[in-house]
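Everything below concerns the one structure shown next.
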Amino acid sequence: MIIKNLRLHNFRNYEKTEIVLDPGMNLITGDNAQGKTNLLESMVCLSLTRSHRLNSDQSLIRNGTDYAEIGCIFEDGTDKRIDILIHPEGKTLLVRKQPVKRNSEFIGLLNVILFSPDDMGIFSDAPKERRKILNQEITKVSPQYLTALSKYNALLKDRNILLKQDEPDVRYLDVLDEQMIEVSRIIIDERRKFVSEINRHMPGIFQRLSGTDLKGTVRYHSVTDEESNDIENGLRMLYMNLRLRDLEYHVTGNGIHREDIEFDLNDQNVIYTASQGQKRMILLAFKLSLMKFAESKSGKVPVLLLDDVLSELDMTRQKNLIREIYGKCQSIITSTDYPEFLKDYQIREFRITHGTVTEYNGGK
Ligand SMILES: Nc1ncnc2c1ncn2[C@@H]1O[C@H](COP(=O)(O)OP(=O)(O)O)[C@@H](O)[C@H]1O
Ligand SMILES: [Mg+2]
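Mapping of the sequence shown onto the working numbering: residues 3 to 366, in sequence order.
Structural data, given as structure tokens:
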């Protein structure tokens with residue numbers, strides 16, 4: 003997948019900008035607070051319909067203006083145009099200039115994977131944040147996962163309302179449980195496949211990036227026994243065991259909405275032993291494995307966005323990273339400085355000053 007051009011209008015600190023990206027590697031340099039992250043953020047929005055940063059859509063609109071417009075033409079076999087209009091009433095999503103009603107018709111058309119220093123919280127965040135990544139990445143490539151997840155959330159809501167009643171109708175609870183088992187089975191199956199595909203790639207990538215022979219993997223904490231092939235039976239047991247407790251506490255205490263993933267170094271959770279540098283490499287290896295996962299599911303290689311990552315790595319690791327991705331995907335890399343060693347690569351360079359982007363070859 004290749005973003006050919008990107009257009010921003012009244013987005014964050016951009017007034018009006020259009021940039022034509024290289025199908026290979028793009029480097030965007032600029033001092034702090036000039037708009038590097040904002041530029042990558044616009045591409046995340048075009049992939050997910052919303053920002054990766056924790057704030058409202060309204061903060062995406064340039065101060066003092068009423069609406070923002072972002073759009074791109076990307077190629078994944080054919081050229082496609084997508085746009086988002088952000089206005090005070092909300093957002094309008096457009097595919098080939100036609101508004102679409104549902105987010106699901108838009109999410110994942112363009113697939114970007116972002117690595118940002120803000121992601122480093124993921125190891126110690128609440129499980130909810132890790133589930134968000136899990137759901138987001140599978141959703142981008144599996145419409146049936148999104149459908150199952152929406153159904154599950156609706157059922158969970160109904161079940162919790164029922165449990166709040168003084169004397170819940172147990173037959174209705176049976177019906178809900180049966181339906182929840184059915185959709186949970188689909189979700190768990192997809193999550194298992196996700197983790198297994200990630201683990202096919204992550205150890206090798208981690209070793210190449212870090213230059214060590216340590217093993218970097220992810221581990222799935224499921225409500226069913228991971229060794230067992232009979233997911234449905236596992237779920238039946240779970241719901242049987244949940245019943246009394248849930249009736250007592252008036253809430254659904256367990257289920258796929260409680261599952262988690264863990265990041266491991268040599269089979270140990272990184273939060274216990276890994277250094278900050280090792281955690282960064284684990285997360286990078288995970289992100290690059292997400293690219294492989296998406297490719298295996300959709301046949302299309304996502305666009306890789308690396309926000310300010312080079313400055314956090316020592317020279318050897320910077321070189322390992324660039325070697326790992328060069329020529330394999332389109333990448334857009336931001337940095338405050340021009341890394342000297344990149345002279346040896348064919349790269350398109352841009353410089354950002356106060357929301358103005360200029361193509362540039364000052365690094366050479
Ligand atoms: N809605 C907005 N309107 C105008 N400027 C904004 C808006 N949101 C953020 N900014 C500005 O964008 C700049 C930060 O851009 P950012 O992309 O995070 O910088 P960096 O180049 O360091 O990554 C700040 O100067 C901030 O004030
Ligand atoms: Mg930034």
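We put the beta carbon where it would ideally sit given N, CA and C, even for glycine. Keep in mind the model is a prediction, meaning the values are calculated, not measured.
Near ligand 4: residue i beta-carbon under 7 Å from a heavy atom
i: residue 39; result: In the structure shown, ligand 4 is absent; the only ligands present are ligand 1 and ligand 2.
Assigned exposure category for residue i - 16 Cβ within 10 Å defines buried
i: residue 251; result: exposed
i: residue 180; result: exposed
i: residue 28; result: buried
i: residue 36; result: buried
i: residue 61; result: exposed
i: residue 329; result: exposed
i: residue 296; result: buried
i: residue 343; result: exposed
i: residue 56; result: exposed
i: residue 294; result: buried
i: residue 151; result: buried
i: residue 246; result: exposed
i: residue 70; result: buried
i: residue 54; result: buried
i: residue 172; result: exposed
i: residue 276; result: buried
i: residue 281; result: buried
i: residue 304; result: buried
Residue i: CB within 7 Å of a non-hydrogen atom of ligand 1
i: residue 52; result: no
i: residue 58; result: no
i: residue 63; result: yes
i: residue 353; result: no
i: residue 15; result: yes
i: residue 100; result: no
i: residue 34; result: yes
Nearest-angstrom beta carbon gap, residue j and residue i [assumed within contact, 8 Å]
i: residue 404; j: residue 43; result: One cannot answer for residue 404 here, as it falls past the ends of the chain, which runs 3 to 366.
i: residue 31; j: residue 319; result: Their Cβ separation, rounded to whole angstroms, is 19 Å, which puts residue 31 and residue 319 out of contact at 8 Å.
i: residue 268; j: residue 321; result: 24 Å between Cβ atoms; not a contact.
i: residue 222; j: residue 194; result: 7 Å
i: residue 178; j: residue 202; result: With a Cβ gap of about 36 Å, residue 178 and residue 202 do not count as contacting.
i: residue 112; j: residue 102; result: So it is not a contact: roughly 13 Å between Cβ atoms.
i: residue 186; j: residue 237; result: 5 Å
i: residue 73; j: residue 9; result: 5 Å
i: residue 114; j: residue 46; result: 6 Å
i: residue 225; j: residue 255; result: Actually they are not in contact, since the Cβ atoms of residue 225 and residue 255 sit about 11 Å apart, beyond 8 Å.
i: residue 307; j: residue 315; result: At roughly 16 Å, the Cβ-Cβ gap does not stay under 8 Å, so residue 307 and residue 315 are not in contact.
i: residue 144; j: residue 192; result: 6 Å
i: residue 52; j: residue 14; result: Contact doesn't hold; Cβ gap of about 14 Å is too wide.
i: residue 34; j: residue 358; result: Not confirmed; about 16 Å, so no contact.
i: residue 1; j: residue 272; result: No answer is possible for residue 1: the residues shown for the chain start at 3 and end at 366.
i: residue 104; j: residue 83; result: So it is not a contact: roughly 18 Å between Cβ atoms.
Cβ-heavy atom distance, residue i to ligand 2, below 7 Å
i: residue 309; result: yes
Beta-ladder partner(s) of residue i, from DSSP
i: residue 93; result: 88
i: residue 27; result: 333, 349
i: residue 309; result: 336
i: residue 74; result: 8, 84
i: residue 264; result: 221
i: residue 16; result: 13
i: residue 270; result: 267
i: residue 354; result: 359
i: residue 22; result: 7
i: residue 63; result: 13
- [ ] Starting from the N-terminal side, write out each stretch of the alpha helix (DSSP H) that is 4 residues or longer and does not extend beyond the segment 317-347.
- [x] Counting whole runs of 4 or more residues, the segment 317-347 contains the alpha helix (DSSP H) stretches 317-327.
Task: In chain order, each beta strand (DSSP E) run of at least 3 residues that lies wholly inside the segment 195-261 - done: Listed in chain order, the complete beta strand (DSSP E) runs (minimum 3 residues) inside the segment 195-261 are 218-223.
- [ ] Note down, one range per segment and in chain order, each beta strand (DSSP E) of at least 3 residues found wholly within the segment 87-142.
- [x] Complete beta strand (DSSP E) runs here, min 3: 92-97, 100-102, 114-117.
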